[in-house]
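Colleague:
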Amino acid sequence: MYINDECKPIKTKNNKLCPITTIEELHHNLQLAIELEFATLPTYLCALYTIKENTNICAYNVIRSVVMEEMFHLTNSANVLIGTGGFPALNKPEFIPVFPTKLPDKETWFTVDLQKFSPEALTTFKYIEEPAEIAHGLITIGEFYANIEQGLVHLNSQTDVDLFPKKTHPQIEHKYYYGGGGIISKVTDLDSALFAINAIIAQGEGMPTTHWDPDKPFPLDETTGIFSGDHPLFMQPRELAHYYRFNELSAGKRYVCGDTHNSGPTGPDIPIDYHAVYNMKPNPKSSDYANFPELQQMNLEFNRLFSHLLNQLHDAFNGNPEILEPAVGTMFKMKYAAQELMRNPVPDSVYDYYAGPSWEYLSDNQ
Amino acid sequence: MNRLSDFYRLGAALTDYEIVQLEGTGVGEEYYDVLTSLVSGNILDELFDDYNNLDKTCSGHVPDEQIRSSILANPKLGPVARNIIKLWYLSIWYQLPENWRQKYGIPNQTKNKYQDVQFIVSRNAYIQGLVWQATGSHPMGAKQPGYGTWSAAPGNQPHPVNFQ
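The listed protein sequences derive, respectively, from chains A and B.
71 is the number of the first residue of the first sequence in the working numbering; add one for each residue after it.
7 is the number of the first residue of the second sequence in the working numbering; add one for each residue after it.
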């Protein structure tokens, strides 16, 4: 993912991020981080849920593992925002992009669609997760987070800034957060804040390295930037960074010892069946169901669950962390509601499309 | 006439679920496959046609009493309709009654496919049975509802949706 001058919420100059010098700018960047992390989820989940039951097991698990980590990143960003005295905002329609979207960059060659699991979807996923090292001349999300880290360091050194105030809303702690891509930790000082942000960079883009060599084999040398930081950070099994996990799927092969970024994966085949997928209409809209009241009702039900989830997450991040527990229940309900929609053909569709959720936030009276 | 869509229409009437909810299980075609393997085409034609005629006469709103008297009380069609209800709710095919089998059973069942004995349609169908959502529960070992959700009352939805 890239950020450029047109990406209005972030200040840039000459295609470089402006340093963060005030607490307001820091909070603004962290709120944007939450929005960016969340914005990847509808895209990944649409591909994930169109996979038919008991098929494409490997692809299903890979996409799911990335989704889990995006939610972990979101929660980490929220904890840093809360820990520095800010207030995450999730309960508003603008929180969700309208698909297809430029997310968050305005490059014409890169649009994020909601689409079924397909080679095209994987290409988009790789754009989203492209490591900083191969994105020549563009500002990546990795750099966006590095800029936040520098901002934290700078603000922490200012004697007139109380960067980690004693009285803040409670953060999301490990007891509220289970099985989700990493171990959530409380942010109370510069070290814990940097740990949280670094976990995001490491999982998403691979461990950052100063002398990255795309021809250097791995895993003989773990600093090739291909591995995520899960092993040293959380004592989890070694995993590939998101870009490389998706690249394995699009190549239909595993990386093996001796492979490099440039060689791509050369190992055993990954069985993938793009036909065992529900043919969801790209970027579903409520208006697609205008003539089909039953589908319209089902989509509305999904959007109600989705809106309820955003309200629950908002509450969890603003004083009531225990609400995260029922919010996970809502996530499961959303999954089943989305799958029910996706199994329904859209009547009279020229392309034999199936339905899909439109991911809209509904205010209370809708 | 597309018999699979007839199967969904009749299923919706028999289960009181919407067609989109039945399609949403993703296993309707499996059920249809079971049904057409074990019940002769003539009987299914009669069943679907009878319902379609009722539907036409009643302008799309067939009263329950009509379904009871015309279909469920019919000695030939009733047991099949009851098996369709059980398929959707429980994902189990129950052996048809002895007297029905004597009269209408088809002996030439496909070898190694389905037999008219009690069985669970498939491991995925088991998960998709309507009984789980009808009781506000979930299939044991699948469709996990999230940690601690068992402390909430069944059916405790944020905004209950009322399908027409």
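A virtual CB, placed ideally from N, CA and C, is assigned to each residue, including glycine.
Given the structure is predicted, the values throughout are model-derived calculations rather than measurements.
When you compare the CB positions of ARG413 of chain A and TYR348 of chain A, do they come within less than 8 Å of one another, or not?
Modeller: Taking the C-beta atoms as reference points, TYR348 of chain A is found nearer than 8 Å to ARG413 of chain A.
Colleague: Can you name the residues of chain B whose CB is closer than 9 Å to the CB of ASN124 of chain A?
Modeller: ARG129 and ASN130
Colleague: Looking at the C-beta of ILE25 of chain B, does it have a partner C-beta in chain E at a distance below 8 Å?
Modeller: Among the protein chains in the structure shown, which are A and B, there is no chain E.
Colleague: Going straight from the alpha carbon of PRO417 of chain A to that of ASP358 of chain A, what length do you get?
Modeller: Answer to the nearest angstrom: the Cα atoms are 10 Å apart.
Colleague: Can you name, in chain order, every residue of its own chain whose Cβ lies under 6 Å from the Cβ of HIS244 of chain A, other than the five neighbours on each side?
Modeller: ILE254
Colleague: Measure from the C-beta of GLU243 of chain A to each C-beta in chain B and report whether the shortest distance is under 8 Å.
Modeller: no
Colleague: Taking Cβ-Cβ distances shorter than 9 Å, what residues in chain B pair up with LEU411 of chain A?
Modeller: VAL26 and GLY30
Colleague: State whether the segment 135-154 of chain A contacts the segment 255-270 of chain A, with contact taken as three or more CB pairs (one from each stretch) at a distance under 8 Å.
Modeller: Result yes; three or more Cβ-Cβ pairs closer than 8 Å.
Colleague: Cβ atoms of GLY426 of chain A and PRO363 of chain A: under 8 Å apart, would you say?
Modeller: Not a contact, by the Cβ cut-off of 8 Å.
Colleague: Could you work out which residues of chain A lie near ALA158 of chain B, taking near to mean beta carbons separated by less than 9 Å?
Modeller: PRO396 and GLY399
Colleague: Measure the C-alpha to C-alpha separation of GLU199 of chain A and ILE112 of chain B and round it to an integer number of angstroms.
Modeller: 58 Å
Colleague: For ARG315 of chain A, which residues of its own chain have a beta-carbon under 6 Å away from its beta-carbon, when the five flanking residues on both sides are left out?
Modeller: VAL132
Colleague: Nearest-angstrom Cα distance between TRP99 of chain B and HIS144 of chain B?
Modeller: 20 Å
Colleague: Helix, strand or coil for LEU87 of chain A per DSSP?
Modeller: strand
Colleague: Could one say the Cβ of GLY368 of chain A lies closer than 8 Å to chain B's Cβ atoms, at least one of them?
Modeller: The amino acid at residue 368 of chain A is misidentified as Gly; the sequence shows Met. Yes, MET368 of chain A counts as interfacial toward chain B.
Colleague: Within 7 Å: the Cβ of HIS67 of chain B and any heavy atom of the ligand FMN?
Modeller: In the structure on display, the ligand FMN does not appear, and there are no ligands present to speak of.
Colleague: Round the Cβ separation of GLU36 of chain B and ALA131 of chain B to the nearest angstrom and send it over; I've been treating them as touching at under 8 Å.
Modeller: About 6 Å; that satisfies the 8 Å criterion.
Colleague: So, does the segment 401-412 of chain A touch the segment 10-23 of chain B, judging by three or more C-beta pairs under 8 Å?
Modeller: Short answer: they don't touch.
Colleague: Residues bridged to ASP339 of chain A by DSSP?
Modeller: A:LYS323
Colleague: Would ILE342 of chain A and LYS323 of chain A be called neighbours here (beta carbons separated by less than 8 Å)?
Modeller: no
Colleague: Should LYS149 of chain B be flagged as near chain A, meaning a C-beta pair shorter than 8 Å?
Modeller: yes
Colleague: Could you give the distance in angstroms between the alpha-carbon of PRO270 of chain A and the alpha-carbon of HIS239 of chain A?
Modeller: The question names Pro, but residue 270 of chain A is Ile in the sequence shown. Cα to Cα, ILE270 of chain A sits roughly 22 Å from HIS239 of chain A.
Colleague: Does any CB atom of chain B fall closer than 8 Å to the CB of TYR421 of chain A?
Modeller: no
Colleague: Applying the criterion that 16 or more other CB atoms from any shown protein chain within 10 Å of the CB defines a buried residue, is CYS116 of chain A buried or exposed?
Modeller: buried
Colleague: Can you list, in chain order, the residues of its chain with a C-beta nearer than 7 Å to that of ILE126 of chain B? Leave out the 5 residues immediately preceding and following it.
Modeller: These residues qualify, in order along the chain: SER97, ILE98 and TYR132.
Colleague: Comparing C-alpha positions only, which one of A:GLN409, A:TRP429 and A:SER377 sits nearest to LEU118 of chain A?
Modeller: The residue with the shortest Cα to Cα distance from LEU118 of chain A is A:GLN409.
Colleague: Can LEU136 of chain B and ILE90 of chain B be called in contact, C-beta distance under 8 Å?
Modeller: no
Colleague: Would you mind giving the Cβ-Cβ distance between VAL123 of chain B and GLN101 of chain B, rounded to the nearest angstrom? I have them listed as a contact below 8 Å.
Modeller: Under the criterion of beta carbons closer than 8 Å, VAL123 of chain B and GLN101 of chain B qualify as touching, at roughly 5 Å.
Colleague: Counting only the same chain and skipping the five closest in sequence on each side, list residues whose C-beta sits under 6 Å from that of ASN187 of chain A.
Modeller: The sequence as given places Phe at residue 187 of chain A; Asn does not occur at that position. Same-chain partners within the cutoff: ALA117, THR120, ILE121 and VAL347.
Colleague: Can you pull the chain B neighbours of TYR406 of chain A, defined as C-beta to C-beta under 7 Å?
Modeller: LYS149
Colleague: Which term fits ASP329 of chain A, buried or exposed, when burial requires 16 or more other beta carbons within 10 angstroms of its beta carbon?
Modeller: buried
Colleague: Within 8 Å (strictly less), CB to CB, does GLU364 of chain A reach chain B?
Modeller: yes
Colleague: Could you check the C-alpha separation between GLU66 of chain A and LYS196 of chain A for me, to the nearest Å?
Modeller: In this structure chain A extends from 71 to 436, so residue 66 of chain A is not present and cannot be described.
Colleague: Under 7 Å between beta-carbons, which chain B residues line up against PHE402 of chain A? List them in chain order, please.
Modeller: GLN150, PRO151 and GLY152
Colleague: With respect to the alpha helix (DSSP H) encompassing LEU44 of chain B, which residues constitute its N-terminal and C-terminal limits?
Modeller: 34-44
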